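Structure first, then comments.
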Amino acid sequence: MSDTRILIIGANGQLGSVLTVALKEKFGADNVIASDLFKKDDFEGQFEIIDATDIEVIQKTVDQYNITQIYHLAAILSANGEKNPLRTWEINMKTLFNVFEVARLSGVEKVFYPSSIAVFGDNAPQDETSQTAYLDPATVYGISKAAGENWAQYYYMRYGLDVRSVRYPGVIGYQSLPGGGTTDYAVDIYHKAVLGEEFSCFLNEDEVLPMIFMEDAIRATLELMDAPKEAIKVRTSYNLAGTSFSPAEIVASIRKIYPDFKVKYEPDFRQDIAAKWPRTIDDSAARQDWNWKPEYDLDAMTATMIEKLKEQYNVQ
Ligand SMILES: NC(=O)c1ccc[n+]([C@@H]2O[C@H](COP(=O)([O-])OP(=O)(O)OC[C@H]3O[C@@H](n4cnc5c(N)ncnc54)[C@H](O)[C@@H]3O)[C@@H](O)[C@H]2O)c1
Numbered sequence: 011m012s013d014t015r016i017l018i019i020g021a022n023g024q025l026g027s028v029l030t031v032a033l034k035e036k037f038g039a040d041n042v043i044a045s046d047l048f049k050k051d052d053f054e055g056q057f058e059i060i061d062a063t064d065i066e067v068i069q070k071t072v073d074q075y076n077i078t079q080i081y082h083l084a085a086i087l088s089a090n091g092e093k094n095p096l097r098t099w100e101i102n103m104k105t106l107f108n109v110f111e112v113a114r115l116s117g118v119e120k121v122f123y124p125s126s127i128a129v130f131g132d133n134a135p136q137d138e139t140s141q142t143a144y145l146d147p148a149t150v151y152g153i154s155k156a157a158g159e160n161w162a163q164y165y166y167m168r169y170g171l172d173v174r175s176v177r178y179p180g181v182i183g184y185q186s187l188p189g190g191g192t193t194d195y196a197v198d199i200y201h202k203a204v205l206g207e208e209f210s211c212f213l214n215e216d217e218v219l220p221m222i223f224m225e226d227a228i229r230a231t232l233e234l235m236d237a238p239k240e241a242i243k244v245r246t247s248y249n250l251a252g253t254s255f256s257p258a259e260i261v262a263s264i265r266k267i268y269p270d271f272k273v274k275y276e277p278d279f280r281q282d283i284a285a286k287w288p289r290t291i292d293d294s295a296a297r298q299d300w301n302w303k304p305e306y307d308l309d310a311m312t313a314t315m316i317e318k319l320k321e322q323y324n325v326q
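Spelled out as structure tokens, the structure:
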């Protein structure tokens, strides 16, 4: 029997829904409590409705279930965040402070807090962006993540709270739909390909961004949280890389399976966000400290995405 009792905040989302399944498999369904603003009709398992801007409801849930680890995934993402910057700041920071405060005051052992490649801006090199590259994010989302990382380190140094974090690249998976980020196109494109529809891409065809396949992103999360405390040398957030590619490259990969797949390019405001982000990431600190190694390259990801989506849509 595991003594670990997990609360996931933002469990309905693209990452949260898949991470919930993985954590249940690892720790047992009885030890995992999912939460979000509402419960999905088809959700099976323990679930609490939590608006993470409300500290009391988080506290009550942590007490009720004797929670030892919190995975705090709730956030307003990069593209959606630009629609209402002050509200994005308010939600992203308030939920984070609430989680950190409850965690430290209740003796929660570990907290997972995802950051993002959106923390980098104009003054970071865009190729092999290093762990310690300058952070001058251009979106409110990136600003909130850069601040959040520093608060993570502060809570570790000041209170000994064991917060662990990775800067996820764009996450690509078949299990769930993305939640309003700048890399969403790389999920949507596979759905269109499998359905035999034309895809309209909101980025330029040569805009290279760092991405990661869902399986790798989840495994990174579990491996980081499993690592011995003394191995975790970066207390802000670890750079994490999967594979980098442009829309043109993902299209070429898809056309190996669907040669007639049609795409048009209609860049919008998300192209401006992407243009300031890294193209490739140096994740050597994660590789060194907790043995991180991605498994999926672009073609492996394409093959799995198409196979799984064909099953989901029941098409040949
Ligand atoms: N998906 C990516 O490509 C990516 C990349 C980098 C970082 N991240 C980070 O990973 C985390 C999860 O991302 P995701 O893609 O699953 O996001 P998502 O938008 O799909 O899911 C976020 C979830 O948080 C919930 N939420 C929003 N406000 C809330 C509140 N006040 N209280 C409780 N729940 C609330 C939403 O209902 C949603 O289910 C986020 O912190 C995000 O910044 C994601």
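Numbered per the numbering used here, the sequence shown spans residues 11 to 326.
From the three backbone atoms N, C-alpha and C, an ideal C-beta is built for every residue, glycine too.
Owing to the predicted nature of the structure, the values given are computational and were not obtained by experimental measurement.
What number of angstroms, rounded off, separates the C-alpha of G252 from the C-alpha of Y306?
Mapped onto the sequence shown, residue 252 falls at position 242. Mapped onto the sequence shown, residue 306 falls at position 296. Spanning the two alpha carbons is a distance of roughly 7 Å.
Three or more C-beta pairs under 8 Å: does that hold for the segment 287-305 against the segment 153-168?
No, they do not touch.
Quick one: measure Cβ to Cβ for T192 and R97, integer angstroms, because I've assumed they're closer than 8 Å.
As a first step, residue 192 must be located in the sequence shown, where it is residue number 182. As a first step, residue 97 must be located in the sequence shown, where it is residue number 87. That belief does not hold up - the Cβ atoms of T192 and R97 are roughly 18 Å apart, past 8 Å.
Are P288 and N214 touching if we call contact CB-CB under 8 Å?
Locating residue 288 in the sequence shown gives position 278, where the first residue counts as 1. Locating residue 214 in the sequence shown gives position 204, where the first residue counts as 1. Taking 8 Å as the Cβ cut-off, P288 and N214 do not qualify as a contacting pair.
Helix, strand or coil: which one does DSSP assign to Y164?
Numbered from its first residue, the sequence shown carries residue 164 at position 154. If DSSP states are grouped into helix, strand and coil, Y164 belongs with the helices.
Given a cut-off of 8 Å, decide if A21 and D46 are closer than it, judged by their beta-carbon atoms.
By one-based count along the sequence shown, residue 46 stands at place 36. By one-based count along the sequence shown, residue 21 stands at place 11. The answer is yes: Cβ separation under 8 Å.
If you pair each beta-carbon of the segment 260-274 with each one of the segment 205-213, do three or more pairs fall below 8 Å?
Enough Cβ pairs lie closer than 8 Å, so yes.
What does DSSP give as the partner residues of N25 in its beta bridges?
The residue you call residue 25 lines up with position 15 of the sequence shown. Looking at the sequence shown, residue 25 is not Asn but Leu. Answer is none; L25 lacks a bridge partner.
Which stretch, first to last residue, makes up the alpha helix (DSSP H) that contains D236?
Reading the sequence shown from its first residue, position 226 is the one you call residue 236. Note, D236: alpha helix (DSSP H), M224 to D236.
Our contact map puts I260 next to A156 with C-beta atoms below 8 Å; I'd like the distance itself, whole angstroms only.
As a position in the sequence shown, residue 260 is number 250, starting the count at 1. As a position in the sequence shown, residue 156 is number 146, starting the count at 1. Actually they do not touch by this definition, with Cβ atoms about 28 Å apart.
In angstroms with no decimal places, state the Cα-to-Cα distance between E138 and D216.
Position 128 of the sequence shown, counted from the start, is the residue given in the question as residue 138. Position 206 of the sequence shown, counted from the start, is the residue given in the question as residue 216. So the alpha carbons of these two residues sit roughly 17 Å apart.
Within the 8 Å Cβ cut-off, does N249 reach chain C?
Note that chain C does not occur in the displayed structure, where there is just one protein chain.
Write down every uninterrupted run of the beta strand (DSSP E) in the segment 57-139 whose length is 3 residues or greater and which is fully enclosed by it, in chain order.
57-59, 79-82 and 120-122, all fully within the segment 57-139.
Less than 8 Å between the beta carbons of D236 and P304, yes or no?
Counting from 1 along the sequence shown, the entry for residue 236 is found at position 226. Counting from 1 along the sequence shown, the entry for residue 304 is found at position 294. For D236 and P304, no; Cβs fall outside 8 Å.
Would you give the residue range spanned by the alpha helix (DSSP H) that K243 belongs to?
As a position in the sequence shown, residue 243 is number 233, starting the count at 1. Taken as a continuous stretch (DSSP letters only), K243 belongs to no alpha helix (DSSP H), as it is neither H nor E.
Going by DSSP, which residues form a beta bridge with Y178?
Along the sequence shown, read from residue 1 onward, the residue named residue 178 stands at position 168. Answer by DSSP bridge pairing, in chain order: S126.
Do the segment 123-133 and the segment 142-156 touch if we need at least three Cβ pairs shorter than 8 Å?
Output reads yes: the segment 142-156 touches the segment 123-133.
Contact between the segment 73-80 and the segment 110-125 is defined here as three or more beta-carbon pairs at a separation below 8 Å; is this criterion met?
Segments in contact, yes.
Indicate, with yes or no, if ligand 2 has a heavy atom lying under 7 Å from the CB of A44.
Ligand 2 is not part of the structure shown, which contains ligand 1 as its ligands.
Rounded to the nearest angstrom, what separates T149 and I199 at their Cα positions?
Residue 149 sits at position 139 when you count from the first residue of the sequence shown. Residue 199 sits at position 189 when you count from the first residue of the sequence shown. Approximately 24 Å between the Cα atoms of the pair.
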